Structure formats: structure tokens, C-alpha cells
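Participant: Before I ask anything, here is the structure I am working with.
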Amino acid sequence: MSAETLGEQAAVITCLAGLAVGHPTLPAGYFTISRHGLRELGVQLDSPGKVEAWREALGVDTAAVVVDRIGNGASLEFDATVYGVDFHVYAIYEQATSEAGAA
Numbered sequence: 078m079s080a081e082t083l084g085e086q087a088a089v090i091t092c093l094a095g096l097a098v099g100h101p102t103l104p105a106g107y108f109t110i111s112r113h114g115l116r117e118l119g120v121q122l123d124s125p126g127k128v129e130a131w132r133e134a135l136g137v138d139t140a141a142v143v144v145d146r147i148g149n150g151a152s153l154e155f156d157a158t159v160y161g162v163d164f165h166v167y168a169i170y171e172q173a174t175s176e177a178g179a180a
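Counting with our numbering, you get residues 78 to 180 for the letters of the sequence shown.
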């Protein structure tokens, strides 16, 4: 089902606004809300630590977090339904190598 009006996307927008008020120090992200997923919210972050902050704020179990790959980058991500919204929270990052830490 697709949204025809902004009002039909209100649940996701309200949820995001509530998180901003309730967790004002939560790391900012790149958010995607589509008219084709009325209760879906994508949250792209720029580091695994920020994914962890979102996981904690949403009360998601650590078992839901997976390490994967998106394109050529490593990713840390989780999917969870919280406050009636289907979240997909993730970060794509470069993995540290032993050469990068060598002096």
C-alpha cells in the first residue's frame, strides 16, 4: 500500500520527532521515509558506535545486530519494530586493518 498524503506518513514522522525530543543526544542520521512503506524508517549512520547508540535508545536486543556487507563496505545493522515503526538502522564503514594500526 502506498501513501497518497503526508498525513498517511504521520506515524513515522511522529515517531522520529518523539525520538528527537526524548533522546536529544542521539546521533543524527540520514533518514529515508518512502510513500511505499507507510511504517518504515531507514536510518543511515556513519559509524558502528552510532548504530549502537540507536540500538540502546530503541531498546533493541544485541542479538538483532548483524555484521554484513553493503557494496564494498562492511556494515553493522539491525531491523526492529519499535513504536509501531519498522526501523532499519545501519552504518557502512571501512574495517580497520592491522597495517593501518602499525607504526
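Note that beta-carbon positions come from the ideal geometry of N, C-alpha and C, so glycine has one too.
All figures in this text were calculated on a predicted structure; none of them were measured in a lab.
1. Per DSSP, residue 121 is paired with what?
2. Taking the continuous beta strand (DSSP E) assigned at residue 143, which residues delimit it?
3. State yes or no: is the C-beta of residue 155 within less than 8 Å of the C-beta of residue 132?
4. Helix, strand or coil, according to DSSP, for residue 151 in the structure here?
5. Tell me which residue opens and which closes the alpha helix (DSSP H) that residue 70 is part of.
6. DSSP puts residue 156 in a beta bridge; with which residues?
7. In angstroms, rounded to a whole number, what distance separates the CA positions of residue 87 and residue 96?
8. Just mark residue 147 as buried or exposed, buried being the case when its beta carbon has 16 or more other beta carbons within 10 Å.
9. Report, in whole angstroms, the separation of the C-beta atoms of residue 80 and residue 127, which I expect to be a contact under 8 Å.
10. Please go through the same chain and pick out, in chain order, the residues whose beta-carbon is closer than 8 Å to the beta-carbon of residue 160, but skip the five residues on each side of it.
Facilitator: The short version:
1. 107 and 167
2. 143-147
3. Yes, Cβ-Cβ distance for residue 155 and residue 132 is below 8 Å.
4. strand
5. Residue 70 lies beyond the stretch modelled for the chain, which goes from 78 to 180, so this question has no answer here.
6. 165
7. Rounded to whole angstroms, the separation of the alpha carbons of residue 96 and residue 87 is 14 Å.
8. With fewer than 16 Cβ atoms within 10 Å of its Cβ, residue 147 is classed as exposed.
9. That pair is no contact at about 28 Å.
10. 92 and 95
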